[in-house]
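Protein sequences appear in the order of chains A and B.
Note that my numbering has the first sequence beginning at 2, numbered continuously upward.
Note that my numbering has the second sequence beginning at 2, numbered continuously upward.
Glycine included, every Cβ here is placed at the ideal spot set by N, Cα and C.
There are 2 protein chains.
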Amino acid sequence: MLSDSILRELELVMARAAEAFEVYRTLSVRHRSALLYAIAQEIDHLGDALIQTAHRETNLDTARLRSERSRMLFQFRSYADATVAGTWMDLSIHTAIADHNPPRPDLRKRMVPLGPVVVFGASNFPFAYATAGGDTAAALAAGCTVIVKAHPAHPLTAHMLAGAIEKAIEKCDLPAGVFAQMEGADFELGKKLVQHPTVRAVAFTGSFAGGKQLFDWAQQRICPIPVFAEMGSVNPVYLMPRKLETAASEMALQFARSITSGAGQFCTKPGLLIGLESDALTQFTHDLGKAIRKVQTMPLLHEGIAESYARLREEALMHEAVHLVAESDEAFAAPEGRAGIPTLATTDGATFLSHPGLQEEIFGPFSLIVHCKSLEQVMSIAQKLEGQLTGTLLATEEDLKEAHFLISILEHQCGRLILNGVPTGVEVCKSMQHGGPFPASTDSRFTAVGSDGIKRFARAVCYQNWSPSLLPDELKNENPLNMGRWVNDVWTRDAVK
Amino acid sequence: MLSDSILRELELVMARAAEAFEVYRTLSVRHRSALLYAIAQEIDHLGDALIQTAHRETNLDTARLRSERSRMLFQFRSYADATVAGTWMDLSIHTAIADHNPPRPDLRKRMVPLGPVVVFGASNFPFAYATAGGDTAAALAAGCTVIVKAHPAHPLTAHMLAGAIEKAIEKCDLPAGVFAQMEGADFELGKKLVQHPTVRAVAFTGSFAGGKQLFDWAQQRICPIPVFAEMGSVNPVYLMPRKLETAASEMALQFARSITSGAGQFCTKPGLLIGLESDALTQFTHDLGKAIRKVQTMPLLHEGIAESYARLREEALMHEAVHLVAESDEAFAAPEGRAGIPTLATTDGATFLSHPGLQEEIFGPFSLIVHCKSLEQVMSIAQKLEGQLTGTLLATEEDLKEAHFLISILEHQCGRLILNGVPTGVEVCKSMQHGGPFPASTDSRFTAVGSDGIKRFARAVCYQNWSPSLLPDELKNENPLNMGRWVNDVWTRDAVK
């Protein structure tokens, strides 16, 4: 049960978010962009104290945290630039044609923000996907106000970042309600946030159970709202024979890093490797195991994740047809109960096919390598997998000729396809797609990374026969914002004549 | 309960749709475009027999049906052109940068089809929003296979159109399962269709109760799927004082046509007019009533609609503070129980505000005009309304200066804003937005009309470090399809160097 004071705070936060939205949504894209830049600057000003705080709260090493901070700042700045460029708005103008039958009116379309957005911060990205992460940046870029539910695993980090955002809002002379953060680990708080009538969209990064619950609450509202829950996946990797023959050792090293970096706590961690029984696969398995053995055992983000990792790892290894290939030899002073032991296990194709539980994600530095009897068995496994964020092929050009059917399955199952690389490392740009068919995410039509993620929080409005004096700047004849637009189906920055 | 034979048919249809999808989704946009053109041609070949059949089944007059047929054909042809132009795919390429930290891989994004789509035909548009309507055309353009649940109100029309589509598929040498139609009025059939695991999206045009039910079924699936239900609205019209002073009679005639055309059976029919008490409003009400009186009483589409119209009209008029302004003087030989009497009623702002039921859509030639005491009361009403497909302002430039707050409400509440025009008449082009915040539609981020509607049935896939030989044509360096693409954030048709 939530306390009365939390409930009062919630109502206050929502009232402010709704009120601020009425102001914020009318501001120009330049104002929004200025806010995003100001937030990046205020976060920069937090300096090393932010890194140290996050390090204490998450166990993530400071080098990783510094690089994640750069990503967070880049997201604010690049989404700010995208807002001003306006590409994501897909602006379109059709001018009137009087002698059509019936006459065509003047029609102009732009995007408007959905309304206040609730963002659930992730524990594994205390910077890039939490309080001041990509969802917050994208929602603010779209013109929405934001209410963050801070992740309880890093409260001080969340508090510092919220403070920076609030300072930026004040410096930009915007209503304080443009952003708010609520703290508290209570399950009920999440429910109240998603069900509050003021809220118009929800963004979440985390577990399937968490994301699906938010989705269900949101769809059961009187007025259902979109939920962008990015819930992770096992990110299958297909190991084709010729590629393994030529590059087993090199690939094994790359994948050992990809499986264990950040203690395997990435939604794109390759948790499932699938190959054809062969000497090359045996060699690759051996090399990967050897590399995994040398990786230090790291502390996981929090006790919940550590407990779940230990349990799921144990369950997998207890399975009679699943064998341990290697686990870390390198102990490390992990806080009690938080150790995440890097682990590689193996099984055969028939076992994998008959035990659907083996395709479930084990969040942490664990990967399962499946040795298949035939390409048909590989295909059967591919067809049985659920929606995925990514799918990876290790293959030579020669291999690819035999893998057409596999590629076709992956295209239908994944959000991103990788050839001869690792799925971890998600570039922030317009060409990125981070989000895949359910259960990888709840809305495969949108991306959680890259400037196109702004589209999640906006919808189109068409202005018909609208007065030139009233048209928003994006749609005025003169094109005062110098945005690219479709004018009578031709893309141009020119003014409308 | 569904019969065993229907259940067997359903499984067969689904198996074929899934199988055909595996072929159809791999075909180039040119193949899809060719299919859409072939369908238009086969429908054209149905000639006048189609018009006469639809006329008998729907009571819609032949002039209207001819114009709706043109619209249906234009949809197929223009979505075919859009498919080939590729604009809707928002293609984006970022080339590799080796000296980034970390190095940026080559990333290329295009859209792929979601999978088999179930389309529920509407009764009020036997051509443009039914078997061969905009949803079917958009889903086929996206690369999806389609299963139509024919509307039971016009079975022969639906059958003829399905036949034309099947013939086109055969001529194009595509698998028959690209399209199927199921007939039957049973509620359970709709449920089975939406819940079938093969289905990946649902499109619907019709009542709120129907659309919301499909939405709920789809969200309760183990694997939830998107539902694009376009459920109509009252389409509020705000009558500003100066405009009425200068153009009351002219506007009254325009709106009498808009309210009663197609017997008021349009989702964009203006069902609610809101103005400030004044002599001009009295004059407008009088003129509109006079025009409504002269409109013939027409037969409605089917008995269900006619019964519901008669009941809701009666309920509104029984309300003690709602007064009949005018109803049609012109009798017409409508089939028994199908008459839809053109009707204008009026009430005051306070009554409207205290009776939320009055904002519900009455599907048919009915409109309610609300006389308000003050601009504040107009604003209060505007704020109380739910999501709408359209919002219309009748206003002079002078009026607009006082209406800023009202415009701001409409931008947040509607999909399309119209100035000094009528909301009926929905142009098929990229600048159109047909779909508004819930409950007008279940997904305000997409449009049901215009080539952007293709986006409903597709999702993005990113190809990372992909082999040039394997890249889909849309993303190849040479740009063989001559599509506009974003290359390193610059829009161009040039080849990638």
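query = Which residues of chain A have a Cβ atom closer than 7 Å to the Cβ of T27/B, listed in chain order?
reply = Neighbours of T27/B on chain A, chain order: S409.
ask   = Would you say H152/A reaches chain B, if we count a Cβ-Cβ gap shorter than 8 Å as a contact?
value = No Cβ of chain B is located within less than 8 Å of the beta carbon of H152/A.
request  = Could you tell me whether the Cβ of Y80/A comes closer than 8 Å to any Cβ of chain B?
outcome  = By this cut-off, Y80/A is not an interface position.
query = Residue range of the beta strand (DSSP E) that F121/B falls in?
reply = Residues V118 to F121.
Near-chain A residues of the stretch 294 to 322 of chain B - C-beta to any C-beta below 9 Å = Within the stretch 294 to 322 of chain B, no residue has a Cβ lying closer than 9 Å to any Cβ of chain A.
request  = Find the nearest neighbour of I40/A within the set V14/A, A64/A, S79/A and S29/A, judged by alpha-carbon distance.
outcome  = When each option's Cα is compared against that of I40/A, the closest is S79/A.
query = Quick one: is S468/B near chain A, going by C-beta distance under 8 Å?
reply = Using beta-carbon distances, S468/B counts as an interface residue toward chain A, with a partner under 8 Å.
ask   = Smallest Cα separation from D62/A: which of D136/A, L3/A, L302/A and A139/A?
value = For D62/A, the closest C-alpha among the options D136/A, L3/A, L302/A and A139/A is that of L302/A.
request  = Put E1/A into one of helix, strand or coil per three-state DSSP.
outcome  = Residue 1/A lies beyond the range of chain A shown here (2 to 498); nothing can be said about it.
key: DSSP-derived helix/strand/coil call for R109/B   = Strand.
query = For L1/A, does the three-state DSSP call read helix, strand or coil?
reply = What the structure shows of chain A is the stretch from 2 to 498, and residue 1/A is not part of that stretch, so it cannot be assessed.
ask   = Do the stretch 110 to 123 of chain B and the stretch 197 to 214 of chain B touch if we need at least three Cβ pairs shorter than 8 Å?
value = At 8 Å Cβ cutoff, the stretches touch.
request  = Run down chain B in chain order and give the residues with a C-beta less than 7 Å from the C-beta of E412/A.
outcome  = The contacting residues are V113 and V462.
ask   = Residues of chain B with a CB under 7 Å from the CB of E490/A: which are they?
value = Before going further, note that residue 490/A is Asp rather than Glu in the sequence given. D490/A reaches chain B at K431, counting residues in chain order whose Cβ is nearer than 7 Å.
Residue span of the beta strand (DSSP E) that contains Y239/B, given as start and end = Start and end: P237 to L240.
query = What does F439/B reach in chain A if we use C-beta pairs closer than 7 Å?
reply = Going along chain A in sequence order, the residues near F439/B (Cβ under 7 Å) are C224 and P225.
message = To be precise: take each residue of the stretch 80 to 95 of chain A, compare its Cβ to all Cβ atoms of chain B, and keep it if any distance is under 7 Å. Which residues remain?
response = Answer in chain order: S93, I94 and H95.
ask   = Expressed to the nearest angstrom, what Euclidean distance is found between the alpha-carbon atoms of V24/B and I410/A?
value = Near 12 Å, if we compare the C-alpha coordinates of I410/A and V24/B.
inquiry  = If we define contact as Cβ-Cβ less than 8 Å, is N125/A a contact residue for chain B?
reply    = For N125/A, the answer is no, since every Cβ of chain B falls outside 8 Å of its Cβ.
task = State yes or no: is the beta carbon of W487/A nearer than 8 Å to at least one beta carbon in chain B?
result = For W487/A, a Cβ of chain B is located within less than 8 Å of the residue's own Cβ.
request  = Kindly indicate the opening and closing residues of the beta strand (DSSP E) around K150/B.
outcome  = Taken as a continuous stretch (DSSP letters only), the beta strand (DSSP E) holding K150/B covers V147 to K150.
ask   = Under three-state DSSP, which class holds H413/A?
value = Helix, per DSSP.
ask   = Does DSSP classify F180/A as helix, strand or coil?
value = Strand at F180/A.
Within 9 Å of chain A by C-beta, residues of the stretch 413 to 424 of chain B in sequence order = Answer in chain order: H413, C415, G416, R417, L418, I419, L420, N421, G422 and P424.
key: Residues bridged to A202/B [DSSP beta-bridge criterion]   = Its beta-bridge partners are V118/B.
message = My output table needs one value for H372/B: the three-state DSSP class, helix, strand or coil.
response = DSSP places H372/B in strand when its eight states are reduced to three.
request  = At 8 Å on the CB atoms, spell out the chain B contacts of T448/A, in chain order.
outcome  = Around T448/A, the beta-carbon contacts reaching into chain B at under 8 Å are A461.
message = Counting C-beta neighbours from all protein chains within 10 Å, is the total for R312/B 16 or more, i.e. buried, or is it exposed?
response = Here R312/B is exposed. Its C-beta has fewer than 16 other C-beta atoms within 10 Å.
key: Collapsed DSSP secondary structure at G212/B in the structure displayed   = Three-state result, G212/B: helix.
Whole-Å CB distance - I293/B paired with A327/B, under 8 Å assumed = Sure, about 5 Å apart at Cβ, within 8 Å.
task = Taking 8 Å as the cut-off, decide whether the C-beta atoms of L390/A and C268/A are in contact.
result = Less than 8 Å separates the beta-carbon of L390/A from that of C268/A.
key: Helix, strand or coil at T84/B according to DSSP, with G and I counted as helix   = Looking at T84/B - three-state DSSP - the assignment turns out to be helix.
request  = Go to S1/B, then tell me how far its alpha helix (DSSP H) extends in each direction, as first and last residue.
outcome  = No statement about residue 1/B is possible, as the shown extent of chain B runs from 2 to 498 and does not include it.
request  = Could you tell me how far apart the beta carbons of N478/A and A496/A are, in whole angstroms, since I believe they sit closer than 8 Å?
outcome  = 6 Å between Cβ atoms; contact.
ask   = Exposed or buried, which one is L240/A when buried takes at least 16 other CB atoms within 10 Å?
value = It is buried - the Cβ of L240/A has at least 16 other Cβ atoms within 10 Å.
message = Less than 8 Å between C-beta atoms, sequence neighbours within five positions excluded: which residues of the same chain meet that for L354/A?
response = If the five residues before and after L354/A are omitted, its C-beta is found closer than 8 Å to the C-beta atoms of Q378, S381, I382 and K385, all from its own chain and listed in chain order.
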